[in-house]
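Asker: Can you keep this structure in mind? I'll have questions shortly.
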Amino acid sequence: GAIDKNHTEIVRILLNTNPDLEIRSIDGDTALLRAARVRNPEIVQLLLDKKAKPYATNKNNDTALHIAMRAKSKAVVEVFLRNPKNSQFLYRPNNKVQCVPTSFRWEVLVKISNLREIRILKFFVKKIRQIEMRSALLS
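In this text, residue positions in the sequence shown follow my numbering: the first is 351, and each later residue adds one.
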């Protein structure tokens, strides 16, 4: 559809009709998950503005933030992290106990620390350690 082809203006027009943003594709993706997958920060922001659920997950239990992080889409990740509440979904492992690549997580943490969000940085460091320890035990 329009999201897969990065047709931002068409998505904007369709959003004015107040569609159900939580309808799932065959892959289990919502519109927000799909927008993160195609790395389109503008469409992600449009969907969030229309109250798409950032905590929605696909069949692998991935949130849109997981997908954006794995795709190393800094622009999409930044859209999510503008709202600190969305960052809680970053460190929840999916059904395969996969996490975001460590080096990219640290890049995001450095960006957050540059924003002087030290409290959030400490929280993320703690979560990273917990997940990496859990992943090591399961492998």
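Ideal Cβ positions, reconstructed from N, Cα and C, are used throughout, including at glycine.
When DSSP labels each residue in this structure, what does H416 get in the three-state scheme?
Answerer: DSSP places H416 in helix when its eight states are reduced to three.
Asker: Ignoring anything shorter than 4 residues, give me the alpha helix (DSSP H) runs that lie fully in the stretch 374-417, in order along the chain.
Answerer: Runs found: 381-387 and 391-399.
Asker: Applying the criterion that 16 or more other CB atoms from any shown protein chain within 10 Å of the CB defines a buried residue, is R384 buried or exposed?
Answerer: Looking at its Cβ environment, which holds 16 or more other Cβ atoms inside 10 Å, R384 is buried.
Asker: Looking at C-alpha atoms only, which residue of E428, L431, L398 and H416 is the closest neighbour of V361?
Answerer: Cα-wise, what sits closest to V361 is L398.
Asker: Going by alpha carbons, who is nearest to A381 out of T367, K403, A421 and Q480?
Answerer: Measuring from the Cα of A381, the nearest candidate turns out to be K403.
Asker: What separation, rounded to the nearest whole angstrom, lies between the Cα atoms of T407 and D377?
Answerer: Each residue's alpha carbon lies about 11 Å from the other.
Asker: Quick one: measure Cβ to Cβ for I417 and R374, integer angstroms, because I've assumed they're closer than 8 Å.
Answerer: That belief does not hold up - the Cβ atoms of I417 and R374 are roughly 15 Å apart, past 8 Å.
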